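Just below is one structure, and these are the notes that go with it.
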Amino acid sequence: MILPYVIWPLRFSPNAPAMIDFYTRLGLHKSFSHDNGTFATFLGRSGTLGVHDALNTESGVVPQHTALNFATTDVVLAAEELTELGHHVKVWDETYGKQGVVASRDGRVIGLNGDSQEDLYGGYRTHPEEEAPSLDVVAVCVTSEMKAEAAWFASFGFVASSYDDSWWIGLRAGERSGVIGIHAGEVDSPSAREADDDLFGPAYEVRIGFETHEPLEVLDARLRDAGFETTLVTEDAPHIELTDPDGERIEIHRAP
Amino acid sequence: MPDKPPAKVQFNVYLPPDLVKAFKHRAIDEGRSLSAVVQSALTDYLSRKESQ
């Protein structure tokens, strides 16, 4: 059995309130947050993402970097399941529940988090969905070993219809999973989190992107009406480009 | 270069649920991780015992 895994890339931002406002206006659903504006989780049409204040964390993260996490229904069961599949996994208690990490192919760690939090003590709150989010969240993993990297994510149920494209392999694990995009390239950025002990290895970094089921022209017009500065790229692989408050470039492509 | 912090190990114990909840809430109030707050409590306890 493979538990359901949903991507939850977590941005450690020096501008957390601005990033939270950015994703809200972009059309994601803020499902869970802290009242002081230092933390929020967003649901996409498929996939989720999070924003965490980079100045208020003990795990040594570097601001503006994004660490890949999976949300799942039961972190302890997930750890047992992944261990049986041969993965190196650790689980411990945090204030918000069980926290896990699983080592990737090269030893960088991917977080494992529960997909809900029952205890809302201290300013946390859930938010009812008022409007269905329109974008699928994409976690973009840059690697020079695309097929091997893509195959590794099959343990989490993420598979592609084709592995033959030399630039992009889009992996999904069902309608709600979000997309893991394996992109050809060399990793040249410093890690979001240096390994400081046996528990926290260097984080598995990703870039955040999105896929849309609307025509790009329609989405682009809507984003411009909402005050975003966008660029509609119509050649080669058509997409919309915009920049988030942390200065990171975001691409929105048509979903296949 | 700064010294590397010592490696941490996992330490499983059984505690009353109310005490665990109180520690989690204290950690949230202080903006610290659960591990950091438990470490402080254990260190303080040992310090007090050793000074008696």
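Residue numbers (the working numbering), protein chains in the order written: chain A, 1 to 256; chain B, 1001 to 1052. Think of the CB as a built atom: it goes at the ideal place given N, C-alpha and C, for glycine as much as any other residue. Note that the coordinates shown come from a computational prediction; the quantities given were computed from them, not determined experimentally.
The segment 213 to 225 of chain A and the segment 76 to 90 of chain A do not touch, with fewer than three beta-carbon pairs separated by less than 8 Å.
Sequence-distant Cβ neighbours of A/Gly-44 in its own chain, meaning closer than 6 Å and more than five residues away, are Leu-28, Pro-133, Leu-135, Asp-136, Val-137.
Per the C-alpha coordinates, the member of A/Gly-107, A/His-52, A/Arg-249, A/Leu-49 positioned closest to A/Gly-201 is A/Gly-107. Segment contact: the segment 152 to 162 of chain A against the segment 4 to 16 of chain A, three or more CB-CB distances shorter than 8 Å; contact assigned. A straight line joining the alpha-carbon of B/Lys-1049 with that of A/Ala-103 spans about 40 Å. C-alpha of A/Phe-70 to C-alpha of A/Gly-111: approximately 6 Å in a straight line. Proximity of A/Trp-168 to chain B, defined by a Cβ-Cβ separation below 8 Å, is not satisfied. A direct Cα-Cα distance of roughly 8 Å separates A/Ala-184 from A/Glu-145. Around the beta carbon of A/Arg-125, fewer than 16 other beta carbons lie within 10 angstroms, which makes this residue exposed. Out of A/Thr-143, A/Ala-78, A/Asp-119, the CA that lies nearest to the CA of A/Glu-94 is found in A/Asp-119. A distance below 8 Å between beta-carbons, with the five flanking residues on each side excluded, links A/Ala-148 to the following residues of its chain, in chain order: Arg-105. Taking 8 Å as the threshold, the shortest C-beta distance from B/Leu-1015 to chain A does not fall below it. Judged by DSSP in its simplified three-state form, A/Gln-99 adopts strand.
Non-local C-beta neighbours of A/Ile-169 in its own chain, meaning closer than 7 Å and more than five positions away in sequence, comprise Met-146, Ala-150, Ala-160, Tyr-163, Ile-182, ordered along the chain. Under the Cβ distance rule, A/Glu-217 does not count among the residues neighbouring chain B, no pair being separated by less than 8 Å. Per DSSP, the continuous alpha helix (DSSP H) segment holding B/Val-1038 begins and ends at 1034 to 1051. What B/Leu-1034 touches in chain A, judged by beta-carbon distance under 8 Å, is Asp-93, Glu-94, Thr-95, going in chain order.
Annotated three-state conformation of B/Lys-1008 is coil, per DSSP. With respect to chain B, the C-beta atom of A/Gly-114 has no partner C-beta closer than 8 Å.
Sequence-distant partners of A/Gly-174 (beyond 5 residues in either direction) whose C-beta falls short of 8 Å from its own C-beta, in its chain, are Pro-4, Gly-157.
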